[in-house]
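Below: one structure, written as structure tokens.
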Amino acid sequence: MAREEQCRHFFGDTEKGIGFSQTVKADNTLYVSGVLAVDDTLEIASPGNMDAQITQAYALINDILAESDASLKDVVKETIFATDLAALGGAFEHRKAAYAGAGAYVPACTMVQVSGLFLPGAMVEIELVAHL
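Here our numbering is used: position 27 in the sequence shown is 27, and no number is missing along the way.
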């Protein structure tokens, strides 16, 4: 079980109400809960558009990592959950661009197709592990 001092909330009371922490730091490892492509109001950005959603998800990931003094350079593992693996495959350029833009190389990755995600309209959710 995580201790409260190890946990950070990116979306504050919303995360607490649902019952999760966006990040948990244990020793030199940062665990990042699945990130959806949401806007400031926690609505899915660009429903039905995998390119836009993966771009938005990595933009949020950059912000979330920065709050823990980390970046995509620190990511060693990611798991990508997608409702459409064919659409995800067509959006790989955006994933690679996010890592390249941070001066990082792509980490170990598992990609899984799922029937649905937490918010309606979400097509992709990205979970990360970073070594600090």
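The beta carbon of each residue, even a glycine, is placed where N, CA and C say it ideally should be.
Looking at the structure shown, is residue i part of a helix, part of a strand, or coil, going by DSSP?
i	result
G34	strand
A70	coil
For residue i, write down the residues that DSSP places opposite it in a beta bridge.
i	result
H94	Its beta-bridge partners do not exist; DSSP assigns none.
If you count every other CB in all the chains shown that lies within 10 Å of the CB of residue i, and 16 or more means buried, which is it?
i	result
V114	exposed
K16	exposed
T55	buried
V32	buried
Y58	buried
I18	exposed
K96	exposed
How would you write the range of the beta strand (DSSP E) that residue i sits in, first residue to last?
i	result
A104	Premise fails: A104 is in no beta strand (DSSP E) and is neither H nor E.
A130	V124 to H131
T79	V75 to A82
Continuous alpha helix (DSSP H) assignments of at least 4 residues falling wholly in the region 6-65 = 12-18
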